[in-house]
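In the numbering used here, the protein residues as written are 6 to 219.
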């Protein structure tokens, strides 16, 4: 295996996401990589597996690259080019496959490595960064910021979640407010507490200002 694989993966995702403005940009991947590494060190997970899965977790995301999603074509090609074994490629792809939020059909990863990467990705969806990413994604997909007449849809299946058209503020109720209690590791649970509190305070302030109470 190429000893520079992590550095090369960082450069690879920088190229893949150079034109992304939806909140799934290079810096999102870099934050997930750093958070996943931090969690993995506390949880005694295999560091290389975690780092590779974290760095490649979005390159075949169904929202961003639906044509490569099913077989993780981009991730597999990168790993093969760097001499990664068949077993390691399978392990990394399995971790990636379990990362995404799927509404009521979300899964808890089978391995500690998967738990670390999923937690890191979800941590980057909440807190101050999560707020910024949510509005970036909504704007890039022409979603309304808020409409009091459009109510959040809760307990969606994966299919409903993928195809549901909503407002950006509803996304907090439909996904983001659920994430704190979906964290897998003790490390992530601690980090999620403050981020969740900050996010809820923002939404409360938003609604007060929307109604002209502030």
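For glycine and all other residues, C-beta sits at the position ideal for the given N, C-alpha and C.
Bounding residues of the alpha helix (DSSP H) (the contiguous stretch that carries residue i)
i           : result
residue 71  : 71-74
residue 87  : It is not in any alpha helix (DSSP H) - residue 87 carries neither H nor E in the DSSP assignment.
residue 176 : 173-179
Buried/exposed call for residue i, threshold 16 Cβ in 10 Å
i           : result
residue 197 : buried
residue 120 : buried
residue 67  : exposed
residue 91  : exposed
residue 206 : exposed
residue 159 : exposed
residue 20  : exposed
residue 219 : exposed
Separation of residue j from residue i, as counted between CA atoms
i           : j           : result
residue 29  : residue 139 : 10 Å
residue 217 : residue 153 : 14 Å
residue 251 : residue 182 : For the chain, the structure presents residues 6 to 219; residue 251 sits outside this window and is missing.
residue 171 : residue 146 : 11 Å
residue 220 : residue 18  : Outside the shown range of the chain, which is 6 to 219, sits residue 220, and nothing can be said about it.
residue 15  : residue 60  : 7 Å
residue 102 : residue 87  : 21 Å
residue 105 : residue 123 : 7 Å
residue 113 : residue 97  : 16 Å
residue 7   : residue 84  : 10 Å
residue 136 : residue 208 : 9 Å
residue 164 : residue 108 : 9 Å
residue 215 : residue 177 : 16 Å
residue 141 : residue 11  : 28 Å
residue 9   : residue 125 : 23 Å
residue 76  : residue 24  : 23 Å
residue 81  : residue 99  : 11 Å
Residue i and residue j closer than 9 Å at C-beta
i           : j           : result
residue 52  : residue 129 : no
residue 48  : residue 131 : no
residue 63  : residue 34  : yes
residue 200 : residue 180 : no
residue 173 : residue 44  : no
residue 175 : residue 157 : yes
Residue i - DSSP class collapsed to helix/strand/coil
i           : result
residue 219 : coil
residue 130 : coil
residue 109 : strand
residue 159 : coil
residue 7   : coil
residue 188 : coil
residue 48  : helix
residue 119 : helix
residue 17  : helix
residue 211 : helix
residue 135 : helix
residue 164 : helix
residue 22  : coil
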